[in-house]
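Student: Mind looking over this structure? Questions follow.
Next comes the structure, spelled out in structure tokens:
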């Protein structure tokens with residue numbers, strides 16, 4: 079501000095005093111520059127310039143006032159200078175405070191960056207929030223850009239929005255805001271944790287919320303891994319029937335896993351102390367369990383014991399195997415005992431069954447066990463007695479070493495197909511002993527599968543049925559064969575005749591029944607005895623078997639009566655009759671040749687009756703009757719010949735029967 083100096087010369091210079099004349103002068107103006115404005119000073123006489131005395135007084139007063147005004151201006155200038163100094167000092171303090179605040183803000187930002195925890199400030203009334211740089215990065219919004227609550231909620235995973243909204247509504251009622259949720263950040267799903275404190279007015283209306291946001295994706299991933307490992311551990315315990323436990327010896331406090339509780343049948347009341355734990359052990363086993371624990375605590379032995387338990391949930395007695403390890407500090411003081419318990423009830427039952435099976439394995443029946451590839455693993459003594467093969471000769475080989483070659487590949491294919499679908503097969507089979515002898519046996523094959531359903535072994539049981547087969551054959555011979563000649567008897571003949579008649583009806587092919595009677599046989603028996611007669615019958619049977627086709631059946635009805643059953647003679651009646659006649663003539667010729675009986679030659683002839691049948695055959699009894707009638711017709715015609723049955727024969731017999 080330029081100083082304002084008003085001097086007397088300045089004022090008097092405008093007057094001509096010597097002349098006594100006051101010259102009129104214009105008013106004087108001056109400007110004063112102040113800090114906030116420009117001041118204008120105007121001087122002029124109130125009554126004009128005509129009175130010199132008054133003017134002098136006024137000049138004096140003006141000088142005084144000028145001096146006073148100068149003092150005031152000087153004071154004002156000092157005050158202004160002091161104000162400027164204070165302003166400068168205040169500006170310095172503001173700058174210092176601002177620098178400190180900026181430093182603190184920078185420190186806070188660095189702290190947020192290090193901790194990866196961002197901050198936000200939400201004006202509830204305007205529904206806009208501002209976020210720190212770290213918070214912007216975590217939430218995925220542009221920095222220094224206000225964002226609305228709706229925009230933030232849009233990024234929240236749809237399954238978590240209800241959780242976030244519920245937490246916010248509870249915060250508006252004064253409860254702490256602390257929520258974890260998933261959100262979409264840069265196209266990727268992240269886990270966030272948000273916490274906030276709300277400010278309210280005197281009416282309880284929410285005004286502002288100040289909070290933090292933290293990216294907890296990594297923590298959640300770790301938690302998921304831990305949870306997955308916990309589930310895997312629980313599954314492993316469940317699969318292995320194992321449960322873990324820990325005993326705080328000093329506090330006498332027991333803790334248990336879920337698997338342990340399941341094994342011991344613990345539902346609600348979990349045993350906490352050693353005394354409560356012992357209530358699970360039957361009285362008979364308590365001393366052994368306590369002794370094992372004491373030995374482990376004393377360091378004499380590890381804790382390893384099998385004992386029984388009584389499950390509180392159902393009262394069932396189970397067998398467990400408990401193993402533990404004593405944990406000590408560096409001074410050797412006992413801290414805890416940790417261990418596992420495994421339910422071995424099934425194993426114990428299996429061991430008992432194996433002992434029983436081992437005894438049964440050495441039973442009287444032959445047994446062998448193979449792996450899934452049919453390699454023999456074990457045979458018993460009865461197998462060796464039956465087949466002649468020792469265990470050393472069998473192990474590693476397959477049961478095919480017993481193959482007799484009496485069964486075709488289809489037989490074994492069907493056998494294994496049934497084993498595969500039904501799990502077992504049993505039936506009669508012919509095998510070969512070590513000495514080459516073939517023999518029948520009753521074989522039972524059973525497959526063994528594991529818990530996954532895969533075949534692990536095959537168990538075979540072999541029973542030598544040679545004697546049974548011999549007995550059955552003897553019984554069959556007695557029931558179906560003539561004991562003298564070995565030919566089929568009447569019962570077997572009728573069975574075969576029924577089968578042949580059914581086949582003829584099905585195929586339309588003709589067949590024939592030849593009834594044979596030896597001429598004058600009774601005379602031979604009466605003159606030379608039954609022994610010679612039996613020799614003749616045996617030789618007749620032999621010649622008949624040699625004469626007929628292999629597919630034909632020869633039977634002895636009794637005495638000197640024989641029957642030959644012919645089938646598959648063709649569909650043409652004439653050709654079928656011709657074939658039957660040809661076979662009959664061969665029989666007549668064969669049986670008409672001389673016999674050597676006990677060193678003596680004997681001549682005998684047969685008489686044959688032939689009854690034909692086709693696809694509409696009569697009954698078996700009718701066929702036999704027709705052939706018998708034809709045979710008697712041959713005898714009436716002179717013997718040593720054959721004769722076909724004709725219906726008129728039956729017509730000639732019926733009147734006689736009626737008479």
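Residue numbers (my numbering): 79 to 737. Beta carbons are placed, not taken as given, at the ideal position from N, Cα and C, and that holds for glycine.
Rank 262, 253, 670 by C-alpha distance to the C-alpha of residue 238 and give the top, closest one.
Tutor: Residue 238 has its Cα closest to that of 262, out of 262, 253, 670.
Student: Could you give the DSSP three-state label for residue 680: helix, strand or coil?
Tutor: DSSP places residue 680 in strand when its eight states are reduced to three.
Student: Counting along the chain, where does the alpha helix (DSSP H) carrying residue 618 start and finish?
Tutor: Segment 608-625, the alpha helix (DSSP H) holding residue 618.
Student: Rounded to whole angstroms, what is the Cα-Cα separation between residue 233 and residue 178?
Tutor: C-alpha separation (whole angstroms): 36 Å.
Student: May I have a chain-ordered list of the alpha helix (DSSP H) segments no shorter than 4 residues that lie completely inside the region 424-488?
Tutor: If we require 4 residues or more, the alpha helix (DSSP H) runs fully inside the region 424-488 come out as 459-465, 469-472.
Student: According to DSSP, what are the bridge partners of residue 255?
Tutor: Residue 255 is bridged to 274.
Student: Do residue 687 and residue 645 have their beta-carbon atoms positioned less than 8 Å apart in this structure?
Tutor: Taking 8 Å as the Cβ cut-off, residue 645 and residue 687 do not qualify as a contacting pair.
Student: Let me make sure I understand the geometry here. Which of 490, 504, 478 has the alpha-carbon closest to that of residue 510?
Tutor: Answer by Cα proximity: 478.
Student: Using only alpha-carbon positions, find the residue among 533, 518, 519 that is nearest to residue 525.
Tutor: The residue with the shortest Cα to Cα distance from residue 525 is 533.
Student: Look at the alpha carbon of residue 350 and the alpha carbon of residue 330, and state the distance between them as a whole number of angstroms.
Tutor: Roughly 8 Å between the two C-alpha positions.
Student: List the whole-angstrom C-beta distance separating residue 572 from residue 682, where the pair is believed to meet the contact cut-off of C-beta under 8 Å.
Tutor: That pair is no contact at about 27 Å.
Student: Among the residues of its own chain, which have a CB less than 6 Å from the CB of residue 462, if the five just before and after it don't count?
Tutor: Closer than 6 Å at Cβ, skipping near neighbours: 468.
Student: Between the alpha carbons of residue 208 and residue 264, how many angstroms are there, rounded?
Tutor: Approximately 19 Å, taken between the alpha carbons.
Student: Could you check the C-alpha separation between residue 100 and residue 154 for me, to the nearest Å?
Tutor: Per-residue confidence for residue 100 stands at a pLDDT of 48, beneath the threshold of 50, marking its modelled position as unreliable; the derived number appears in the next sentence. Looking at the two C-alpha atoms, the distance is approximately 36 Å.
Student: Where does the unbroken alpha helix (DSSP H) through residue 710 begin, and where does it stop?
Tutor: Note, residue 710: alpha helix (DSSP H), 698-714.
Student: Give the single residue among 481, 489, 583 whose Cα lies nearest to the Cα of residue 513.
Tutor: Ranking the options by Cα distance to residue 513, first place goes to 481.
Student: Give me the DSSP bridge partner(s) of residue 522.
Tutor: Looking at the DSSP assignment, residue 522 forms a beta bridge with 504, 539.
Student: Along the alpha helix (DSSP H) that carries residue 369, what are the first and last residues, could you check?
Tutor: Counting along the chain, the alpha helix (DSSP H) containing residue 369 begins and ends at 361-375.
Student: Would you mind stating whether residue 575 and residue 665 have Cβ atoms separated by less than 8 Å?
Tutor: For residue 575 and residue 665, no; Cβs fall outside 8 Å.
Student: Using 8 Å as the Cβ pair cut-off and three pairs as the minimum, do the region 379-395 and the region 308-327 touch?
Tutor: Segments in contact, no.
Student: If you compare alpha carbons, which of 343, 364, 341, 345 is closest to residue 352?
Tutor: Ranking 343, 364, 341, 345 by Cα distance to residue 352 puts 364 first.
Student: According to DSSP, simplified to helix, strand and coil, what is residue 724?
Tutor: Three-state result, residue 724: coil.
Student: Just tell me which of 272, 300, 494 has its CA closest to the CA of residue 292.
Tutor: The shortest C-alpha separation from residue 292 is found at 272.
Student: Near residue 383, which residues of its chain fall below 7 Å by C-beta distance, leaving aside the five closest residues on each side in sequence?
Tutor: 366, 367, 370, 400.
Student: Does DSSP classify residue 590 as helix, strand or coil?
Tutor: Of the three classes helix, strand and coil, the one that applies to residue 590 here is strand, per DSSP.
Student: To the nearest angstrom, report how far apart residue 638 and residue 543 are at their CA atoms.
Tutor: If I take the Cα positions, the gap works out to 37 Å.
Student: Return the first residue and the last residue of the alpha helix (DSSP H) that residue 295 is part of.
Tutor: That run of the alpha helix (DSSP H) goes 295-318.
Student: Helix, strand or coil for residue 199, going by three-state DSSP, please let me know.
Tutor: In the structure shown, residue 199 sits in a strand (DSSP, three-state: E or B).
Student: On the premise that residue 387 lies in contact with residue 342, defined as a C-beta separation below 8 Å, what is that separation, rounded to the nearest angstrom?
Tutor: The pair is a contact, with the Cβ atoms about 6 Å apart (cut-off 8 Å).
Student: Would you kindly report the start and end of the unbroken alpha helix (DSSP H) that includes residue 209?
Tutor: Looking at the DSSP string, residue 209 is not in any alpha helix (DSSP H); the run it does join, the beta strand (DSSP E), is 206-209.
Student: Grouping DSSP H, G and I as helix and E and B as strand, with all else coil, what is residue 385?
Tutor: Three-state DSSP puts residue 385 in a strand.
Student: Which partner residues does residue 266 have in the DSSP bridge list?
Tutor: The partner list for residue 266 (beta bridge, DSSP) reads 263.
Student: Using only the alpha-carbon positions, how far apart do residue 431 and residue 299 sit?
Tutor: Rounded to whole angstroms, residue 431 to residue 299 spans 48 Å at the Cα level.
Student: Going by DSSP, what residues sit across from residue 629 in a beta bridge?
Tutor: None; residue 629 has no bridge partner.
Student: With C-beta atoms as the reference, is residue 588 less than 8 Å away from residue 540?
Tutor: No, the pair does not count as a contact, with Cβ atoms beyond the cut-off.
Student: Give me the Cα-Cα distance between residue 656 and residue 472, rounded to the nearest whole angstrom.
Tutor: Using only the alpha carbons, I get a separation of about 59 Å.
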